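Here is the structure we will look at, set down as structure tokens.
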Amino acid sequence: MNGREQDWRDDLTLLREFIAEHQPYPRLFVTLSGADLYGFPSADGDYDMRGAHALPLRDMVAGSLRGGGLDTIRGMTVEVLDKNRAPEMDLVSHDIGKFLRLALKGNGYVLEQLFSPLVVETSPWHEELKTIGAGLVTAKVYHHYRGFFNNQEKLYDRLGEKRVKGLLYRYRVALTGIHALRTGAIEANIVALNDWFGSERIRELIALKTSAERGVLEDDTPYLKEIASLEPQLDAAFAETDLPMQVAGETRQRVEEFLWRCRLAHAE
Numbered sequence: 000m001n002g003r004e005q006d007w008r009d010d011l012t013l014l015r016e017f018i019a020e021h022q023p024y025p026r027l028f029v030t031l032s033g034a035d036l037y038g039f040p041s042a043d044g045d046y047d048m049r050g051a052h053a054l055p056l057r058d059m060v061a062g063s064l065r066g067g068g069l070d071t072i073r074g075m076t077v078e079v080l081d082k083n084r085a086p087e088m089d090l091v092s093h094d095i096g097k098f099l100r101l102a103l104k105g106n107g108y109v110l111e112q113l114f115s116p117l118v119v120e121t122s123p124w125h126e127e128l129k130t131i132g133a134g135l136v137t138a139k140v141y142h143h144y145r146g147f148f149n150n151q152e153k154l155y156d157r158l159g160e161k162r163v164k165g166l167l168y169r170y171r172v173a174l175t176g177i178h179a180l181r182t183g184a185i186e187a188n189i190v191a192l193n194d195w196f197g198s199e200r201i202r203e204l205i206a207l208k209t210s211a212e213r214g215v216l217e218d219d220t221p222y223l224k225e226i227a228s229l230e231p232q233l234d235a236a237f238a239e240t241d242l243p244m245q246v247a248g249e250t251r252q253r254v255e256e257f258l259w260r261c262r263l264a265h266a267e
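When we follow numbering that gives the first Met the number 0, the leftmost residue of the sequence shown carries the number 0, and every step to the right adds one.
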């Protein structure tokens, strides 16, 4: 356990107080994402909290009567960023209906949040959802991680700085995608992924990142060459995966039944 991993547990009360202050809806779970989940937190980094909540049925009906799509209903997504705290705190929580729609589409973000071992708040609904979650990992995650990988490349090039954080994000997203397509499991922690991949370059970058949030490099060439080698590996993992392209009918039925029960339980 590194120092920041211990720090987030020490700050658990503060994190829960922040959530209670800004998230008025029944919470199903809140976990840590970002650098804490990815395995390279720095001492001066922020907290990225992600989760799911249940909008009361009354709010859903009232919102739908006002017109617009489901995602226009107030409270469908709660987003709060407080830069005045030290460390900064960032909370994003989706209503469970939106969360499940994203998961069914192969959205890697919400799947990582669901399976994050860094649990700030949980509930029996969270535990049940994780049992369903394995069936939500399909070959569609390739499109999520491939797109994320390409976007990180553009962002890194546009910044004009050889930032350690940007390189680690590119490694992390490629390896998470490859691992998911080959194993059917979502693993977002680059330390665990590198135990499987075995790159000394990644170990070097993690050491640099955890010592300073905005570390930069004099020469990023060796890292870029190794990262470039991950792109065809990600494509090959998609071509060879045993994962189905669509969520199985049985799993979709479980999702629908789960959502129905959750809505009824939070009708008021």
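Cβ atoms here follow ideal geometry from the backbone N, Cα and C, with glycine treated the same way.
Note that the structure is a prediction, hence the values are computed from the model and not measured.
What does the Cβ neighbour count give for Val118, buried or exposed, with the cut at 16 atoms within 10 Å?
Here residue 118 corresponds to residue number 119 of the sequence shown, with the count starting at 1. For Val118, the number of other beta carbons within 10 angstroms of its own is below 16, and it is reported as exposed.
Quick check on DSSP: helix, strand or coil for Phe28?
Taking the sequence shown and counting its residues from 1, one reaches residue 28 at position 29. If DSSP states are grouped into helix, strand and coil, Phe28 belongs with the strands.
Look up Val79 in the DSSP assignment and say whether it is helix, strand or coil.
One-based indexing of the sequence shown puts residue 79 at position 80. In the structure shown, Val79 falls within a strand segment according to DSSP collapsed to helix, strand and coil.
With a cut-off of 8 angstroms, do at least 3 Cβ pairs link the segment 120-140 to the segment 241-254?
At 8 angstroms Cβ cutoff, the stretches touch.
State the Cα-Cα distance for the pair Thr12 and Val91, rounded to the nearest angstrom.
As a working note, residue 12 is residue 13 in the sequence shown. As a working note, residue 91 is residue 92 in the sequence shown. Distance between Thr12 and Val91, taken at the CA atoms: about 18 angstroms.
Compare the Cα-Cα distances from Gly81 to each of Leu101, Ser122 and Leu14 and report the closest residue.
In the sequence shown, counting from the first residue as 1, residue 81 sits at position 82. Correcting the residue identity first, residue 81 is Asp in this sequence and not Gly. Of Leu101, Ser122 and Leu14, the residue nearest in Cα terms is Leu14.
Pick helix, strand or coil for His52, following the three-state DSSP scheme.
The count along the sequence shown starts at 1 and reaches residue 52 at position 53. Looking at His52 - three-state DSSP - the assignment turns out to be strand.
Taking Cβ positions, are Gly214 and Val163 nearer each other than 8 angstroms?
The sequence position of residue 214 within the sequence shown is 215, counting from 1. The sequence position of residue 163 within the sequence shown is 164, counting from 1. Contact: yes.
Under a Cβ-count criterion, where at least 16 other Cβ atoms within 10 Å of its own Cβ denotes burial, should Asn188 be classed as buried or exposed?
Your numbering for residue 188 matches position 189 in the sequence shown. Within 10 angstroms of the beta-carbon of Asn188 lie 16 or more other beta-carbons, which makes it buried.
Met269 and Ile18 look like a contact to me (Cβ under 8 angstroms); what is the Cβ gap, rounded to whole Å?
Since the displayed the chain opens at 0 and closes at 267, residue 269 lies outside it and no answer follows.
Cross-strand partners of Ser92 (DSSP beta bridge)
Your numbering for residue 92 matches position 93 in the sequence shown. DSSP lists Gly50 and Val77 as partners of Ser92.
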